[in-house]
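One structure below.
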Amino acid sequence: MASPATAAVENLPQVLLLLHPAAFTIFGEEHFTSPKFRFLKAYESSLPLDEFLAANARSVRALLVSAATVVGAGILDLLPELRVIVTTSAGLDQLDLAECRRRGIRIASAGDIYSADVADCAVGLLIDVLRKISASNRYVKNGFWATKGDYPLGSKQLRGKRIGIVGLGRIGLQVAKRLQQGFGCTVSYNSRKKKNPDQVPYPFYQDVRELAANSDALILCCGLTEQTRHAVDKEVLAALGKAGVIVNVARGAVVDEKEMVRCLVEGEIAGAGLDVFEDEPVVPKELMELDNVVLSPHSAVLTRESMMELARLVVGNLEAFFSNEPLLSEYEDD
Amino acid sequence: MTCSSVQVQPYLLEALEEKFTLHKLDTTTEPDKAARFLRTHRDSIRAVVGTAFVGADAELIDQLPNLEIVSSYSVGVDKIDLAKCKEKGIRVTNCPDVSTDDVADLALGLMLAVSRRLCPIDRYVRSGLWSKLDFFSKQFSGKTVGIIGPGNIGMAIAKRAEAFGCPISYFSRSQKPACINYNYCPTVVDLAANCDILVVACALTPDTRHIINRDVIDALGPEGVLVNIGRGPHVDEAELVSALLEGRLGGAGLDVFQDEPNVPEELFKLDNVVLMPHVGSATVEARKAMADLVVGNLEAHFLNKPLLTPVV
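Protein sequences appear in the order of chains A and B. Numbering of the first sequence is given in the numbering used here, commencing with residue 1 and proceeding in unit increments. Numbering of the second sequence is given in the numbering used here, commencing with residue 1001 and proceeding in unit increments.
See the structure below:
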């Protein structure tokens, strides 16, 4: 006979998890628990996913996903009672938004909580590439300063650099502010739509290639959509040129990765700071050998502060859902 | 004239060779050869070009009876015996301002690199350890930045940090009107206790030697980060190393050291420490501007024109 405590837990509504979220590993699952719901972990079962869902998830109303959890019609067909998807990510490219809309499934994202951290990561990667911080750190820690002499000069000044931001959303705006107000760079941007010039003082370029031609560094801050997939292609990279730098904190697929790697290896662009890749966690091995590249494992949001905010937001969204209250960070399609 | 070695930029060497008779002197790795050279040429040397590493100390000045000017390829003049130069009527010039932005950029770069653990995570990816990543970093935006020495470089750092929403505190011998929006701390320990990231941005003088000592490090604490883009002797290096090894200090970003290019090897394995080989002004653009100032000052002197950027 189940104890009252166990029965109480078993009566709690379930939140389905298809994959183990990175946030649970890195920050701790205990931050994401609540007395108002319990987790149903598909990944702990030895059953194939579709069998597990058919057997256990037919009445599940809430799903918690991360950036890596692809959710399309196939999965949604197995979750007929699903009413809300909460994601730990700011991006929504892993979700079939049209299918969700069609089925009346609401979505709660990570909202604005990551914008400062992602912007900081983008600026940090840019400075690291231009001033060779990681490369020089390796040089010193290998003992080379004492034995081989000064690090070869080649670093570039930040002041006056023309920065092209692809995607001037919440993250792009914070990157722009830091670089223009803080470091004296000149910011221009490309976005789906031109922003109100009274609010956004930076020059707008309709065409990413033209933005690249007028930039010393391109910083990618856009969401991944059909329009932005491989937006940074061979022509854009050629327009950016031999002295140009790319920083990507958006999604790997915004860039034609193979072409970018070729450009870096052959010196067609000067360097790159990359937090995201087309096929994570696979990183092209050519990049691992380059000193003019700084690599980061999709960790732009993995700060203690963002994780705490995320935990609060995830629990808050799920508790609100189960209490029939408005979601804290509902995604509105615009 | 002589020019201390240690990889002076070719652009500067070419300009000097073009306009003057240049002798290159390596007093650090070839001291005997240098000594012989000085004895032979002592009377003909009228100018010395110093760097941040080797300037003109009392001993060198005494060996050069016809020395008229020391033109330093650096901002800092701590390697030049200024009192002796003044006494002997020797002019001294440096390279102020042209590298202010670059040094400030590096300070921010170090703050971001340490806070966000950019170097260890880059290493993780290169080693194929992506899926093993099990640590998070610290947010930088909004953290309180404490500046020792709100001069040109200190103010440039403050301006940058403000764009990240960082409140600014500072220490100086007296309050500065330009720092009206910043929080003044009357002692360095006070400043360390009240900030998350402490930056040394003042000049090196007898007063500021070991301005970062055990008390300051303790006040900064196990969550605090020290960034030094000043001079190695600003910091009691032995205390800093033991604090980092024992976890009493959260992290450090260091561009300068007590005895460059020798860096305490105990720091090599620490992931919360970023080490740079004195590259604060080492951008192509700044070094060219500095070279132009060195040559410009020397030309002005020998043409009896006003010096461009005199210190003495």
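Note that CB positions come from ideal geometry on N, CA and C, so glycine has one too.
Check	Outcome
Outcome for T6/A when other beta-carbon atoms lying within 10 angstroms are tallied against a minimum of 16	exposed
Chain B contact for D233/A (CB, 8 Å cutoff)	no
Beta-carbon proximity list for A1058/B, same chain, < 7 Å, skipping 5 on both sides	D1081, K1084
Cβ contact check for the region 317-331 of chain A and the region 283-303 of chain A: 3 or more pairs under 8 Å	no
Simplified DSSP state of Y114/A, which is helix, strand or coil	coil
Short CB-CB distance (under 8 Å) between M1290/B and chain A	no
Opening and closing residue of the alpha helix (DSSP H) in which R162/A lies	Element bounds for R162/A: not the alpha helix (DSSP H) but the beta strand (DSSP E), 162-166.
Neighbourhood of E332/A by C-beta distance below 7 Å, restricted to the same chain and skipping five residues each side	none
Boundaries (first-last residue) of the alpha helix (DSSP H) holding H298/A	No alpha helix (DSSP H) holds H298/A; DSSP gives it neither H nor E.
Bridge partner(s) assigned by DSSP for T303/A	S1137/B
Length-filtered (4 minimum) alpha helix (DSSP H) runs lying within the region 1133-1208 of chain B	1152-1162, 1188-1193
Terminal residues of the alpha helix (DSSP H) in which Y1011/B lies	1010-1019
The beta strand (DSSP E) enclosing G74/A, as first and last residue numbers	Looking at the DSSP string, G74/A is not in any beta strand (DSSP E); the run it does join, the alpha helix (DSSP H), is 73-77.
Residue burial classification, R251/A (beta-carbon count within 10 angstroms, cutoff 16)	buried
Per-residue burial, S1174/B [other beta carbons within 10 Å of its own, 16 or more giving buried]	exposed
Chain-order list of residues whose beta-carbon lies under 6 Å from that of N1183/B (same chain, five-residue window excluded)	S1169
Any C-beta of chain B under 8 Å from that of T6/A	no
Limits of the unbroken beta strand (DSSP E) element including V15/A	14-17
For E226/A, three-class secondary structure by DSSP	coil
Alpha-carbon spacing of I1197/B relative to V1216/B, whole angstroms	12 Å
Residue range of the unbroken alpha helix (DSSP H) whose run includes L1240/B	1237-1245
CA-to-CA distance, A1203/B to P1150/B, given in whole angstroms	10 Å
Contact belief for L237/A with E268/A at Cβ below 8 Å, rounded distance in angstroms	7 Å
Length at least 4, wholly inside the region 233-311 of chain A: the alpha helix (DSSP H) runs in chain order	234-240, 257-265, 285-288
Listed by chain order, chain A residues near E1014/B by CB distance under 7 Å	In chain order: nothing, as chain A lies at least about 14 Å away.
At least 3 beta-carbon pairs within less than 8 Å: the region 270-287 of chain A vs the region 1094-1102 of chain B	no
Own chain partners of Y1124/B with C-beta closer than 8 Å, once the 5 adjacent residues on each side are dropped	W1130, K1132, L1133
Minimum Cβ-Cβ distance from L1112/B to chain A less than 8 Å	yes
Selection of the region 298-309 of chain A by Cβ proximity to chain D, strictly under 8 Å	Considering every chain present, this structure includes no chain D. Its protein chains are A and B.
Beta-bridge pairing of F39/A - partner residues as DSSP gives them	V15/A
Enclosing beta strand (DSSP E) for H1041/B [first to last residue]	No beta strand (DSSP E) holds H1041/B; the alpha helix (DSSP H) holding it covers 1031-1041.
Contact list for P1277/B against chain A, beta-carbon separation under 7 Å	S136, Y139, V140, W145, D150, Y151
Residue nearest to W145/A in terms of C-alpha spacing, selected from K1033/B, M1276/B, K1019/B	M1276/B
CB contact below 8 Å: T88/A versus chain B	no
C-alpha distance - S306/A paired with T1029/B, whole-angstrom precision	50 Å
Residue range of the alpha helix (DSSP H) that includes V1049/B	Counting along the chain, V1049/B falls outside any alpha helix (DSSP H), though it belongs to the beta strand (DSSP E) covering 1047-1050.
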